[in-house]
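Trainee: Position 340 (the sequence shown) corresponds to 340 in full-length UniProt numbering; numbering is contiguous.
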Amino acid sequence: MGDVADPGEIFNAIDHHFEREEFEEALAKCNQVLDLSSEDVDALRCKAFCLLQLSRWTAVLDLIDKARKSKKFDLKKTDLEFEKAYCLYRLNRFNEALQVIQKVTNAGDFDGGEDDPEQCFAKLEAQVRYRMGDYGKCRDIYEGLLEDEDNAQDKMLIVNLLAACISGNLGEQTAQAVDRAEGHMNDSYEVAFNMACTLIEKGDLTGAQDILKTAQELCRRELESDEDVQAEGEELDNHPELASIKVQSAFIQQRKGDLDGAAQIYNSVLRQHREDEDHEIDVTVLAVAQNNLVALKPEGKSLFDSLKRINVASKESLEHKLTTKQAAAIALNKCLVLLQAGKMEECRRALQAVQPKFSTHPRFAIINAYLQYVDKKTSKAEEILRTALEAAPREKTKELVLALVEFKMSQNHFSEAVQAMRQLPEESLWQPGFLSVAVSLYQRAKDIEGAAQMLEGAIQYWADKSAEEAESTLEKILHTSGELCVKLRRWEDATRHFKMILEKIDGTDRKAACGLVAAASYHDDDLAETYADRLPLPASVQRFDPEELEFAALPKTYRGKKAESTAAAAAAAADAEASASATDGTTSAAAAKRKAVKKRKRKIRYPKNFDPENPGPPPDPERWLPKHERSAFKKLYRRRKDQISRGPQGAMPTDANLAKPAGPSTARTEVAQEHTAQRHKGKKGRKK
């Protein structure tokens, strides 16, 4: 028998393999120790570590469960629980992972294999909460960790804190996180990247673009200083670490309206992923790029390509890697593309698959209502919208209210549409765009008084504001209200609104002054004259001399047809005189203007479900011809013309020459001669 191996020597070999990151070899050595001593806890821990490094999450769970059931190992209740929770997290079993973490934290006897196991469990819980979409609790955990002096400058904690605030739209808490991160923006590209994301949420696209450039430079520097990265110049620009920054820059360009530039960046990132197999780009970045490319396509364009892209972006494997906001956007775009393609049943299935996760999302409720509306179930569609409207928070009701308004307008129920419009939050209802829609609805419902009252409410709302934005908005609303009062012949209200513009906002507004003069002339002549004197005379009036006009002869007028013909002749003469006195430049400008007016082109109407960018094989050009006139039919006829078409049963010649006559037939000639001779004979008889 050979010598028994010494466990100490085996542990030295295991340590050697750990240093060289040879985890398969280390795993084999761990099994050797366990074979020699099946109760060795250190060997069990080393084996679990090897399996973790090899990403064998299920194997780690099995190992821990077997060790606890066998009762051979002297394990505490909290031993290897961190490894168990981490494996459950990596397997997307978040609820189970959270239960394990809470059990350990409640017990208070930590064993995470680190210097401070309590913080390890806290960080793991924050990651689990983030994946579960509980961004508020995740943010609280990171704030608690950063309050510790040892962690106050931890960049990764700051990065994760910003990510939680951005993903959860946490408002004031996001502002606090930004204040904490500002001092570290030039230290880490991850901090700069997340700071840019906060500016995008605020709508500051220019500031976000500048910070993204900073993040890109910081990332390049880190890659250049990394010994493991062997790339320079253009290869470094295409490194996968820069892909997320590029996609976010493309998104900013897309928001700014540069659609071609955004599409070019998205396609370059996707092309890089296909061509470079050595450097794998993060799947979430690829999913976002695919989704944003679909959003770039105008309605009805390249539906086949959009369907392929959105299916790639909505794979089940990405479900737990995307944030709640990203997953909702991709699922929503998938439903919209299916609707555009006319695939209603597939859209229903896709909606049912995501509805449990996004049950409170207003846009999914709108799509569900639209599907019911297409099926002519109008009452069900209205019920879905109203139920979602009651359940949604007030700040998220805008889209649902507008959908309900559109639904009522499609049924010509304008009074009910107005009542639905009134459900908008006050800060939205008094915006000029929504206000104009509401006033238009009142007019279509023939409730002019209601429209005037709504405008009065808007004026009162904006008059109480003091910001510059409020002044410009109030000016627009006062103009709209004044013009409506003029139409209603409510001259005093119109005068009051136009006067408010001139006295409180802009005293040089000629449009308001003209409106005031016109409205005041019906009830206050003095006020009308006062403001009329302030209006400058048109240039065409200023060039006339009063004395010349006084002594000028009165134009001759005629009644009836003569007057009409005289007026026409005068107009023609005036045109001739004007054309004679005009310069060549004026004539050419007029001609160029006439040429510039082009006939409006009709929009091409394609057949249903036809994609012009993927048309398929061309149609048969002879499809309109009768079948016997088509070239294919003629070829078939040539093959069959030599065969006998009718005759006695079984009479089928084997040779085509046998079916031909031996010589020319004279039967018809002889009959014709005989008939002609008889006819001549009869004629001679009659002459006799």
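From the three backbone atoms N, C-alpha and C, an ideal C-beta is built for every residue, glycine too.
Can you check whether the CB of Leu-502 is closer than 7 Å to the CB of Ala-494?
Mentor: No, the Cβ-Cβ distance between Ala-494 and Leu-502 is not below 7 Å.
Trainee: Can you name the start and end residues of the alpha helix (DSSP H) that Tyr-522 belongs to?
Mentor: Here Tyr-522 belongs to no alpha helix (DSSP H), and DSSP marks it neither H nor E.
Trainee: Less than 7 Å between C-beta atoms, sequence neighbours within five positions excluded: which residues of the same chain meet that for Gln-173?
Mentor: Counting only Cβ-Cβ distances below 7 Å, and skipping sequence neighbours, we find Arg-139 and Cys-165.
Trainee: Checking 7 Å against the spacing of the C-beta atoms, do Val-159 and Val-191 come in under that value?
Mentor: The answer is yes: Cβ separation under 7 Å.
Trainee: With a cut-off of 8 Å, do at least 3 Cβ pairs link the segment 96-104 to the segment 117-132?
Mentor: Yes, since at least three Cβ pairs between the segment 96-104 and the segment 117-132 fall closer than 8 Å, the two stretches touch.
Trainee: Check whether the Cβ atoms of Val-162 and Ala-181 lie closer than 7 Å to each other.
Mentor: Here the sequence assigns Leu to residue 162, which means Val is not the residue at that position. Yes, the pair counts as a contact, with Cβ atoms nearer than the cut-off.
Trainee: Looking at the structure shown, is Arg-623 part of a helix, part of a strand, or coil, going by DSSP?
Mentor: Coil at Arg-623, not helix or strand.
Trainee: From Val-141 to Leu-338, what distance separates their C-alpha atoms?
Mentor: Looking at the sequence shown, residue 141 is not Val but Ile. One C-alpha to the other measures close to 40 Å.
Trainee: Hey, how far is the Cα of Ala-392 from the Cα of Arg-602?
Mentor: Each residue's Cα considered, the two are about 43 Å apart.
Trainee: So, using beta-carbon positions, are Ala-458 and Leu-484 closer together than 7 Å?
Mentor: Not in contact: Ala-458 and Leu-484 (Cβ atoms no closer than 7 Å).
Trainee: Which same chain residues, not among the five before or five after Leu-488, have their C-beta less than 8 Å away from its C-beta?
Mentor: Excluding residues within five positions, the ones whose Cβ falls inside 8 Å are Ile-448 and Ala-452.
Trainee: Grouping DSSP H, G and I as helix and E and B as strand, with all else coil, what is Glu-548?
Mentor: Of the three classes helix, strand and coil, the one that applies to Glu-548 here is helix, per DSSP.
Trainee: Please look up how many angstroms separate the CB atoms of Leu-52 and Glu-83, rounded, as I've assumed it's under 8 Å.
Mentor: Right, the Cβ-Cβ distance comes to about 6 Å (below 8 Å), so this counts as a contact.
Trainee: What are the uninterrupted segments assigned as alpha helix (DSSP H) that are 4 or more residues long and contained completely in the segment 264-350, given in chain order?
Mentor: Entirely contained in the segment 264-350, the alpha helix (DSSP H) runs reaching 4 residues are, in chain order, 283-296, 303-313 and 324-340.
Trainee: According to DSSP, is Glu-613 helix, strand or coil?
Mentor: Note: Glu-613 maps to coil in three-state DSSP.
Trainee: Would DSSP call Met-132 helix, strand or coil?
Mentor: Note: Met-132 maps to helix in three-state DSSP.
Trainee: Going by C-alpha distance, which of Asp-260, Lys-213 and Gly-257 is nearest Ser-244?
Mentor: Nearest of Asp-260, Lys-213 and Gly-257 to Ser-244, Cα basis: Lys-213.
Trainee: Please identify the residue among Pro-425, His-497 and Ile-366 whose C-alpha is closest to the C-alpha of Val-403.
Mentor: Looking at the sequence itself, residue 403 is Ala, so the reference to Val does not match. Out of Pro-425, His-497 and Ile-366, Ile-366 has the C-alpha closest to the C-alpha of Ala-403.
Trainee: Under 7 Å between the Cβ atoms of Asn-333 and Val-294?
Mentor: Yes; because the gap between Cβ atoms is below 7 Å, this pair is in contact.
Trainee: For Gly-207, does the three-state DSSP call read helix, strand or coil?
Mentor: In the structure shown, Gly-207 sits in a helix (DSSP, three-state: H, G or I).
Trainee: Thinking C-alpha only, which one of Ile-10, His-523, Glu-19 and Leu-385 is nearest Ala-43?
Mentor: Per the Cα distances, Ile-10.
Trainee: With respect to the alpha helix (DSSP H) encompassing Asn-368, which residues constitute its N-terminal and C-terminal limits?
Mentor: Its alpha helix (DSSP H) spans residues 362-374.
Trainee: Could you work out which residue in Leu-170, Phe-407 and Asn-151 is closest to Lys-377 when comparing CA atoms only?
Mentor: Per the Cα distances, Phe-407.
Trainee: As a quick exercise: from Ala-388, Glu-345, Lys-246 and Ala-341, pick the residue whose alpha carbon is nearest that of Ser-359.
Mentor: Comparing Cα positions, the closest option is Ala-388.
Trainee: For Gly-515, count neighbouring C-beta atoms within 10 Å of its own C-beta (all shown protein chains included) and say buried if the count is 16 or more, exposed if not.
Mentor: Gly-515 should be labelled buried.
Trainee: Roughly how many angstroms lie between the CA atoms of His-184 and Glu-147, to the nearest whole one?
Mentor: Rounded to the nearest angstrom, the two C-alpha atoms are 16 Å apart.
Trainee: Can you tell me whether DSSP reads Trp-430 as helix, strand or coil?
Mentor: Coil at Trp-430, not helix or strand.
Trainee: Based on Cα-Cα distance, which residue from Asp-282, Phe-49, Lys-69 and Glu-21 lies nearest to Glu-39?
Mentor: Per the Cα distances, Lys-69.
Trainee: Which residue wins for smallest C-alpha separation from Gly-136, given the options Asn-169, Lys-155, Gln-355 and Ala-107?
Mentor: Gly-136 has its Cα closest to that of Asn-169, out of Asn-169, Lys-155, Gln-355 and Ala-107.
Trainee: Under the assumption that Leu-296 contacts Gln-248 (Cβ atoms under 8 Å), give the Cβ distance between them as a whole number of angstroms.
Mentor: Not a contact, Cβ separation roughly 15 Å.
Trainee: By how many angstroms is the C-alpha of Leu-80 removed from the C-alpha of Glu-21?
Mentor: One C-alpha to the other measures close to 22 Å.
Trainee: Just to confirm the assignment, what range does the alpha helix (DSSP H) spanning Gln-173 have?
Mentor: 172-181 is the span of the alpha helix (DSSP H), which, as asked, contains Gln-173.
Trainee: For Ile-477, which option in Glu-456, Glu-149 and Pro-617 has the closest C-alpha, if you only look at C-alpha atoms?
Mentor: Checked all of Glu-456, Glu-149 and Pro-617; the closest Cα to Ile-477 is Glu-456.
Trainee: Where do the ends of the alpha helix (DSSP H) carrying Gln-460 lie?
Mentor: Here the alpha helix (DSSP H) through Gln-460 covers 448-463.
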